[in-house]
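Here's the structure, in structure tokens; my notes come after.
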Ligand code: GLY
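In structure tokens:
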């Protein structure tokens, strides 16, 4: 088991290892979590792990309730958000109680936002169940729901009390979810860590705990430096401005991880064409994406993607900050005017 301590506006532990779901009740006792617990999950994840989680909580003496959403980006909606608030109020949840997000990025983001706003804030714990959520979304306190106009447009920074990553769940991931998580993991290697790229080339199955813990530690460093996303944290958006546009243009038929893969590839391709990035970066990225069953292109006009990027929340007035690849394991932030961005990408 690996333990990473994140020292942000709140200090909390991220545990990564096998068999952690069975011991979660005990873990929460050790962390002095008191009161009742509401488990928020999606139907599929809850059917796989709900009983295990709830029985561990009950054995440790916790009184629990559970709420499941349908799952998928559609569940990060204002409607689901309000329904869960009503559920908590009806069950008389108070500020001394705690929420657990059992699921992937959708459930984690939704639950974190509810925890940040219900009664002006109650505690929550992330129990991620996808690779994407292990390596990225469960750590660092970004929470949000979507608007019709775009993804994650309403949210708060809200750090969890703890993050428990039971890597046994990797065994039950679908091929697509596995691949999507790998896109975020490859992202960490591309931005910060050439050695991580080598571990990935050697095979996720040989180094899962080390690779996940390494991504979380990289995220810890970034979040400790720039919790509120005003500087270096924006590096984690490598490929994401385009990815959000791809997701939207495809009406969310293209999943986030697949869109991130294409977004990273497109921006790296352009950076190489403009002489801003070494060609070997594109070659390495492409070979890893292909090895991990990820797409490198989609059938959507870049012009359409460009238009959608203009409503991205990362745009500030006439300026857009682009995460630019430079060499293996190194990206940097480049501010561009909307015209420069257009010229670069089209
Ligand atoms: N997923 C990017 C971030 O947490 O900043």
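Residue numbers (my numbering): 764 to 1109. Glycine is no exception: its CB is placed at the ideal position from the N, C-alpha and C atoms.
For residue i, tell me which candidate among the options has the shortest Cα-Cα distance.
i, options, result
"residue 848", "1051, 992, 884", "884"
"residue 785", "1100, 823, 831", "823"
"residue 1063", "1038, 770, 850, 1015", "1015"
"residue 889", "895, 859, 926, 899", "926"
"residue 837", "903, 960, 987, 915", "915"
"residue 896", "865, 965, 954, 1066", "865"
"residue 1088", "1069, 1073, 1046", "1046"
"residue 891", "882, 871, 920", "871"
"residue 918", "874, 951, 817, 902", "874"
"residue 876", "840, 1060, 894, 795", "840"
"residue 793", "1065, 820, 1025", "820"
"residue 800", "930, 959, 979, 886", "886"
"residue 967", "1051, 993, 998, 867", "1051"
"residue 832", "867, 1003, 859", "867"
"residue 796", "862, 811, 1024", "862"
"residue 965", "1000, 949, 783, 913", "949"
Counting C-beta neighbours from all protein chains within 10 Å, is the total for residue i 16 or more, i.e. buried, or is it exposed?
i, result
"residue 1095", "exposed"
"residue 1098", "exposed"
"residue 922", "buried"
"residue 1008", "buried"
"residue 901", "buried"
"residue 814", "exposed"
"residue 984", "exposed"
Output yes or no for whether 8 Å exceeds the beta carbon distance between residue i and residue j.
i, j, result
"residue 857", "residue 879", "no"
"residue 1022", "residue 1010", "yes"
"residue 1084", "residue 1005", "no"
"residue 845", "residue 881", "no"
"residue 1067", "residue 1012", "yes"
Spatial neighbours of residue i within its chain, please: CB distance less than 7 Å, with the 5 preceding and 5 following residues excluded, ordered by chain position.
i, result
"residue 834", "805, 806, 807, 869"
"residue 991", "920"
"residue 976", "765, 767, 779"
"residue 1017", "1009, 1010, 1061"
Quick one: what does DSSP say residue i is sitting in, helix, strand or coil?
i, result
"residue 964", "helix"
"residue 1078", "strand"
"residue 856", "coil"
"residue 956", "coil"
"residue 922", "coil"
"residue 889", "strand"
"residue 931", "helix"
Give me, in chain order, the residues of the same chain whose beta-carbon lies closer than 6 Å to that of residue i; leave out the 5 immediate sequence neighbours on both sides.
i, result
"residue 945", "1055"
"residue 1028", "1059"
"residue 899", "947"
"residue 940", "893"
For residue i, would you say it is in contact with chain C, using Cβ-to-Cβ distances shorter than 8 Å as the test?
i, result
"residue 994", "Chain labels in this structure do not include chain C; a single protein chain is all it has."
Among residues of its own chain, excluding the 5 on either side of residue i, which ones have a beta-carbon nearer than 8 Å to its beta-carbon?
i, result
"residue 775", "768, 769, 922, 923, 924, 925, 926"
"residue 827", "799, 800, 801, 802, 817, 820, 821"
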